[in-house]
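Under the working numbering, read the sequence shown as residues 319 to 478, first letter to last.
Ideal placement from N, C-alpha and C gives every residue a C-beta, glycine not left out.
In what follows, a single structure is set out as structure tokens and then discussed.
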Amino acid sequence: MKQTVFTTIACLAFCLIVKAQSHVDFGLKGGLNLTFFNVEVGGFGAKTQTETGYYGGVFTDFEVDDFLSIQPELLYIGLNDFKFLNAPLYVKYQVAEKIDLMVGPSLNYFFDFFSNKFKIRADICAAYNITSSFDVHTKYTLGFEEIAPNGLFIGVGLKL
């Protein structure tokens with residue numbers, strides 16, 4: 319327990335030091351998640367089944383220049399009994415004054431169902447910045463394996 323508290327305090331202190339040294343933003347995001355599974359239906363082929371859930375997590379935005387930044391995220395995703403962590407690493411580009419486009423891989427850890435708990439997916443995301451600290455975004459994730467589901471995320475982000 320002491321080690322967990324110490325690690326948490328050390329991480330927060332590190333984040334504050336990094337924020338003071340360069341232009342780095344931290345924030346929260348969350349919203350609605352639609353996940354699409356391919357389900358085999360007897361001998362009739364695959365049928366797409368959609369599950370609705372939620373997601374929430376944290377992000378950090380490291381500015382490279384005025385239009386380009388790197389944005390890692392850590393999200394918890396819940397779909398009924400299906401829970402997993404999603405850790406995308408985005409290259410974020412400002413395509414217009416209030417519109418950002420993000421692309422990159424995401425590493426996923428599935429808590430249930432799969433013997434191989436880690437999956438890699440590809441993400442593409444678009445965000446509209448309502449203010450300098452509040453955005454609405456949509457993201458599509460593409461699973462590379464049959465059992466790594468595709469997903470559509472619609473949500474909001476808040477820079478702290």
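> Per DSSP, which one or two residues make a beta bridge with residue 417?
Replying inline: 414 and 446
> Is the distance from the Cβ of residue 476 to the Cβ of residue 345 below 8 Å?
Replying inline: yes
> Helix, strand or coil for residue 467 per DSSP?
Replying inline: coil
> What number of angstroms, rounded off, separates the C-alpha of residue 406 from the C-alpha of residue 422?
Replying inline: 7 Å
> Buried or exposed: which applies to residue 452, given that a residue is buried once 16 or more other Cβ atoms fall within 10 Å of its Cβ?
Replying inline: exposed
> Which residue's Cα is closest to the Cα of residue 457: 342, 352 and 341?
Replying inline: 352
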